[in-house]
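As structure tokens, the structure follows; a few thoughts come after it.
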């Protein structure tokens with residue numbers, strides 16, 4: 018069923034609605050949008066551009082073609098043929114009731130209707146709706162296109178099948194649906210955030226710390242821990258081998274101490290608002306909101322990628338999402354046709370910002386990384402898949418010759434043309450050419466000698482028959498192509514008196 | 018003055034004390050430890066081993082030789098000749114008073130005495146001390162050897178100069194000293210943590226979520242944000258162009274809603290303790306505490322490295338610390354002697370875990386990264402420094418020939434031997450040999466052709482006279498060395514019928 022979600026409706030385009038729309042589109046879904054606010058369309062297009070910039074850096078896996086964006090003139094028109102509907106209008110219950118009633122009246126029966134509400138319970142949202150079985154809370158976190166968490170809250174009135182379908186669908190977007198066991202105002206995360214927010218207001222009001230100092234207390238300390246483990250798992254470690262009971266025995270008493278001021282709610286009077294606003298200006302005023310968004314997104318992308326490398330937490334969600342994307346791509350590679358007299362086109366990439374040297378060009382070792390990925394694609398193409406590796410055989414690079422001909426700037430698309438220069442019982446000689454996909458400039462060339470090895474004996478071994486057959490076919494198809502003039506070339510000596518050749 | 022801190026005393030070796038000791042030692046400081054607990058020494062050595070494993074992965078910059086660890090038989094003996102003293106005994110005021118009195122009596126006058134207390138105010142710690150001017154709060158966060166934050170809290174009784182010296186010293190350890198404007202119980206971070214902790218206890222008690230679900234609500238959502246920006250800067254973005262005032266106007270009212278239960282303190286009765294402990298077992302029981310520590314540390318290292326690449330937040334602290342370490346290393350390079358008839362030894366490295374392929378060997382592109390770093394060291398050696406780059410000239414690699422001879426496993430130390438094969442007006446030809454620093458196995462070789470370029474015109478230009486002079490000297494010193502047999506070699510064709518050479 019989740020496979021069938023092709024069209025999504027998004028009602029309301031604030032920061033959250035816009036983030037939802039971007040995540041939908043970037044995952045190849047068509048999105049119908051409704052928001053009566055003037056300038057809503059321009060705002061959405063800007064948000065999508067910002068989101069895409071970051072989202073495309075999140076993974077090198079090939080993303081699907083973005084879906085189509087359509088602006089509807091009414092809620093009914095937007096939701097009529099939607100397979101999933103997300104409501105993100107302002108946090109006023111009367112408004113939500115009006116909008117949800119219109120949605121429910123026009124939507125196909127059984128279509129999941131998620132609300133982005135950060136505070137209301139589903140039973141509150143469902144009040145007065147003719148049919149409430151499909152309306153539930155799907156509360157995401159800003160930026161919606163990068164943060165995986167989406168809190169799912171249902172009421173007893175909900176149809177279980179609809180909720181399960183919605184969760185499965187959101188999972189395919191690279192999100193982490195977290196369903197609450199019972200409905201409660203503000204769900205889980207916002208309760209924790211509100212607690213920190215209240216305490217922080219007191220710290221500012223009492224002049225213990227400025228907004229910047231409070232932020233520093235978070236981002237140089239426990240904030241780093243919470244990006245990868247939460248409160249309880251972190252404290253479990255602190256408890257040591259004695260475990261959680263020991264920790265509770267140690268830490269519990271502190272709860273009785275008169276530390277926090279949370280028993281009162283600080284009044285947000287003009288003086289406190291002024292103080293916070295001016296401290297925030299002093300802290301962040303040097304950056305525009307656009308700057309801060311880009312900085313935040315680049316940091317989140319980098320953090321998610323680092324956790325992905327460690328196969329942990331939010332990084333695992335990205336990895337699973339990536340695996341789905343790669344599966345499609347590899348399926349393409351495996352079935353790619355061999356065009357007689359043509360080099361193979363098996364790999365494309367893009368120069369990521371974190372690949373740049375101080376000149377803003379792709380740094381040296383990344384060229385080899387891209388060529389290495391192209392070699393992997395070639396090896397998959399000739400049948401070196403996970404099953405083959407599992408037999409204890411693999412192919413290693415034993416020799417590489419690189420030529421850097423032109424610089425690749427950040428953001429440039431790369432496409433690799435691959436040729437088989439020869440192969441024998443144990444060796445494969447290939448050549449890659451790296452082109453800019455913008456103007457077809459030849460950026461670099463690579464020549465590799467690959468050796469088939471028995472990984473258990475760690476010594477050279479004969480290629481499997483399946484691989485050889487495939488290689489023969491490629492060699493045959495490229496037999497009439499002339500050898501690249503640079504193939505087999507070496508780095509030449511410099512004839513200069515003080516050269517050691519003198 | 019901070020330059021003169023050579024010896025540190027650490028009193029108390031729990032998780033926090035042990036973390037302090039590791040950070041001190043790994044930054045080259047001698048540490049005198051006192052803790053009467055049986056098995057304290059064994060526990061400390063284990064903690065140091067764990068910490069060193071992670072800390073050495075935090076940066077590729079050369080760390081100083083670890084300091085000497087000494088176990089004293091009394092507080093007096095431990096602190097007598099210390100330049101800085103850190104107290105980390107259990108959180109009981111009477112005990113802290115006893116220990117701090119002993120420390121103050123035996124320490125050299127004016128020696129900073131930091132307390133790791135997470136709850137007490139400095140004025141409380143200072144009660145009854147003959148001299149209180151040097152006793153202050155220096156509250157770190159677990160793991161102390163990785164997290165930069167250390168909260169500094171002084172009382173009116175403190176000597177300002179001592180506090181400033183302590184902050185400067187802690188900064189040289191790669192920490193971020195954050196001083197509170199006023200003393201307050203639990204300082205800043207623990208107040209925020211306590212607020213979250215209290216609310217979380219309610220969520221578990223009321224069965225809204227399990228410990229794992231609460232942790233997920235953190236680490237898949239706002240925890241990722243807080244690793245790089247705090248509460249206020251994040252909300253400033255949410256406020257959009259309208260800024261913080263707009264956000265407060267929007268969000269403020271929610272504070273009046275009856276969301277959190279923070280007005281009460283949940284009683285940690287047996288039932289709640291049982292529930293938390295068993296939920297925590299279900300969540301994390303599959304991992305030992307040691308496993309969790311390694312996972313946490315590897316994640317923190319990866320996150321810190323990703324933020325370093327983005328030059329932001331905690332990553333900036335690491336970068337600054339690294340810069341200090343590199344400065345020393347480069348100073349070494351700049352003054353390294355040219356040994357006649359010997360290759361240059363300008364670069365060493367280590368195979369990091371995140372460099373490994375699925376076989377546990379250094380992945381292909383990392384070889385070129387290490388060779389590239391060695392080339393950078395060589396270029397610094399001949400005078401291509403920041404000042405030279407600032408003139409709009411640089412040196413690019415135009416051609417590379419790599420040979421992979423043996424595999425480098427994770428953790429293996431690498432040393433590079435570099436030879437100048439020749440140079441002319443605009444070009445430099447060099448050869449690197451990569452050896453395992455363990456058994457001197459030759460792992461790989463690299464031959465590079467480098468081209469001197471005018472970066473503004475983006476075209477080849479003559480080497481500066483300073484560089485040429487230095488190159489002549491190196492060429493002279495290596496003139497009698499025979500050319501490596503692999504230098505100038507090319508990848509050979511494979512003579513096989515289906516080779517395209519047929």
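Protein chains in written order, with this note's numbering: chain X, 18 to 519; chain L, 18 to 519. Quick reminder that beta carbons are idealized off the backbone N, C-alpha and C, glycines included.
For residue 37 (chain X), no Cβ of chain L is located within less than 8 Å of the residue's own Cβ.
With a threshold of 8 Å between beta carbons, residue 377 (chain L) makes no contact with chain X.
Under the Cβ criterion of 8 Å, residue 42 (chain L) is not counted among the residues facing chain X. Nearest Cα to residue 472 (chain X) within the set L:503, L:239, L:378 and L:400: L:378.
Counting other Cβ atoms within 10 Å of its Cβ, residue 297 (chain L) reaches 16 or more and is therefore classed as buried. No beta strand (DSSP E) of 3 residues or more sits fully in the stretch 217 to 269 of chain L. In the DSSP assignment, residue 462 (chain L) falls within the beta strand (DSSP E) that extends over 459 to 471.
For residue 316 (chain X), at least one C-beta of chain L is nearer than 8 Å to its own C-beta. Counting along the chain, the unbroken alpha helix (DSSP H) around residue 387 (chain L) starts and ends at 381 to 398. Residues of chain L with a Cβ closer than 7 Å to the Cβ of residue 145 (chain X) do not exist; the shortest Cβ-Cβ separation is about 21 Å. Following the DSSP letters along the chain, one finds residue 170 (chain L) in no alpha helix (DSSP H) but inside the beta strand (DSSP E) bounded by residues 166 to 170. The alpha helix (DSSP H) runs lying completely inside the stretch 99 to 156 of chain X and spanning 4 residues or more are 110 to 123 and 139 to 143, given in chain order.
For residue 186 (chain L), the uninterrupted alpha helix (DSSP H) run begins and ends at 177 to 189, by DSSP. Along the stretch 424 to 444 of chain X, the positions whose C-beta sits under 9 Å from a C-beta of chain L are 424, 436, 437, 438, 439, 440, 441, 442 and 444, read in chain order. Nearest CB-CB separation between residue 249 (chain L) and chain X: below the 8 Å threshold. Neighbours of residue 238 (chain L) in chain X, taken as residues at a C-beta separation under 7 Å, are given in chain order as 158, 164, 166 and 206. Chain X has a Cβ within less than 8 Å of the Cβ of residue 327 (chain L). Taking 8 Å as the upper bound for CB-CB distance, residue 117 (chain X) and residue 142 (chain X) are in contact here, some 6 Å apart. Distance from the CA atom of residue 389 (chain L) to the CA atom of residue 457 (chain X), rounded to whole angstroms, is 27 Å. In this structure residue 319 (chain L) touches residue 327 (chain X) by the C-beta definition: roughly 5 Å separates them, less than 8 Å. The straight-line gap separating the alpha-carbon atoms of residue 335 (chain L) and residue 26 (chain X) is approximately 45 Å. Taking a C-beta distance under 8 Å as the contact criterion, residue 324 (chain X) and residue 316 (chain L) qualify as a contact pair. Residue 200 (chain L) and residue 173 (chain L) have their C-alpha atoms roughly 9 Å apart. Taking the beta carbon of residue 464 (chain L) as reference, the chain X residues within 9 Å of it are 507 and 508, listed in sequence order. In the structure shown, residue 76 (chain X) adopts coil according to DSSP, grouped into three states.
Of the residues assessed, residue 134 (chain L) falls on the buried side of the cut-off, its CB having 16 or more other CB atoms within 10 angstroms. Among the residues facing chain X, residue 72 (chain L) is not included, as its CB has no counterpart in that chain under 8 Å away. Here residue 165 (chain L) is buried: its Cβ has 16 or more other Cβ atoms, across all protein chains shown, within 10 Å. Residue 49 (chain L) and residue 102 (chain L) have their C-alpha atoms roughly 9 Å apart. Shown in chain order are the members of the stretch 186 to 201 of chain L whose Cβ falls below 7 Å from a Cβ of chain X: 193, 195, 197, 198, 199 and 201.
Within the same chain, and ignoring the five residues on either side of residue 196 (chain X) in sequence, the residues whose Cβ sits closer than 6 Å to its Cβ are 169. Contact with chain X is absent for residue 364 (chain L), since none of that chain's Cβ atoms lies less than 8 Å from the residue's Cβ. Note: residue 24 (chain L) is bridge-paired with L:47 in the DSSP secondary-structure output. Taken atom to atom, the span from the alpha-carbon of residue 119 (chain X) to that of residue 171 (chain X) is near 20 Å.
Under a 10 Å Cβ-count criterion, residue 205 (chain L) is classified as buried, with 16 or more other Cβ atoms of the shown protein chains found around its own Cβ. Classified as buried, residue 240 (chain L) has 16 or more neighbouring CB atoms from the shown chains inside 10 Å of its CB.
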